[in-house]
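The structure appears below as structure tokens.
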Amino acid sequence: MMGLFSSFNPISTNYASLGWIMMISPILIFNLNSFWTTNSPSNMNYSKPLWMINMQMKSSIKKFLLPNSIMIISILIIITSLNISGLMPMVFSTTSQICINISLAIPMWIASILFKSNNLLKFMAHLNPLSTPMLLIPLMIIIESVSLLIQPLTLAIRLTANITAGHILMSLISASYHSFSTLIMPMNMLIHLTFTILELGV
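Counting in the numbering used here, the sequence shown runs from 344 upward without gaps.
Structure follows, in structure tokens:
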């Protein structure tokens with residue numbers, strides 16, 4: 344019998360290899376779709392959300408970040424695809440592993456630090472909150488620097504905890520199908536569908 348956390352172990356099932364295949368599936372799907380069926384309806388379904396994301400980014404990010412919008416959108420699509428594929432049965436959820444989340448968080452954190460450090464004086468000024476007393480300025484700079492350094496770790500832990508909690512709830516609901524009678528089955532399916540929609544939203 345499989346345990347509650349067995350879906351988060353990449354070597355606990357015979358279907359473990361599917362999870363690692365799903366990690367590269369977004370790249371294969373989008374590349375093959377663009378190469379073979381440029382004007383297909385499915386490609387139009389992909390391009391419309393990408394266009395909406397690009398327009399939203401243009402209105403919210405700074406001008407010097409616009410040339411990198413394609414890279415940001417690509418990372419967003421890959422993470423979204425991995426999250427959705429983790430909801431499929433018999434597929435290992437890669438984004439529930441903290442090593443995967445840290446490997447995604449650290450490069451993005453370093454990139455944001457490099458962008459902010461173009462103007463070193465303004466970057467250092469952000470480490471000191473407004474209206475801080477003179478005696479507390481050195482202490483506040485140390486505290487803000489420590490919080491900045493642990494940002495990728497805390498972000499990865501928070502994302503892992505959120506995804507893991509949702510998957511555990513869905514596993515418990517799935518296991519309850521064998522315990523309840525057929526009269527309660529529609530309500531159980533409705534709850535399961537609601538949690539699936541919430542997981543897709545997260």
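Quick reminder that beta carbons are idealized off the backbone N, C-alpha and C, glycines included.
N- and C-terminal bounds of the alpha helix (DSSP H) containing residue i
i, result
"Ser-490", "480-492"
"Leu-463", "463-468"
Of the listed residues the options, nearest to residue i (C-alpha basis)
i, options, result
"Asn-505", "Glu-542, Gln-494, Ile-418", "Glu-542"
"Leu-447", "Phe-466, Thr-475, Ile-421", "Ile-421"
"Thr-438", "Leu-419, Thr-475, Asn-531", "Leu-419"
"Met-414", "Phe-466, Lys-459, Ala-454", "Ala-454"
"Ile-416", "Leu-526, Leu-515, Met-451, Leu-463", "Met-451"
"Leu-498", "Ile-443, Met-532, Thr-423", "Ile-443"
"Ala-518", "Leu-526, Asn-531, Ala-508", "Asn-531"
"Met-513", "Leu-473, Thr-423, Gly-429, Leu-425", "Gly-429"
"Ile-449", "Thr-423, Gln-494, Pro-472, Arg-501", "Gln-494"
"Ser-490", "Leu-470, Thr-475, Ser-460, Thr-503", "Leu-470"
"Ile-441", "Ile-456, Ser-474, Thr-507, Ile-527", "Thr-507"
"Leu-445", "Leu-463, Thr-503, Ile-456, Pro-472", "First, the amino acid is wrong: residue 445 is Ile here, not Leu. Checked all of Leu-463, Thr-503, Ile-456, Pro-472; the closest Cα to Ile-445 is Thr-503."
Helix, strand or coil at residue i according to DSSP, with G and I counted as helix
i, result
"Ile-456", "helix"
"Gly-509", "helix"
"Ser-474", "coil"
"Leu-526", "coil"
"Ser-549", "Given that the chain is displayed from residue 344 to residue 545, the structure contains no residue 549 and the question cannot be resolved."
"Met-436", "Looking at the sequence itself, residue 436 is Ser, so the reference to Met does not match. It is coil, neither helix nor strand."
"Leu-430", "coil"
"Ile-418", "helix"
"Leu-541", "helix"
Within 8 Å, do at least three Cβ pairs link the stretch 482-497 to the stretch 531-541? no
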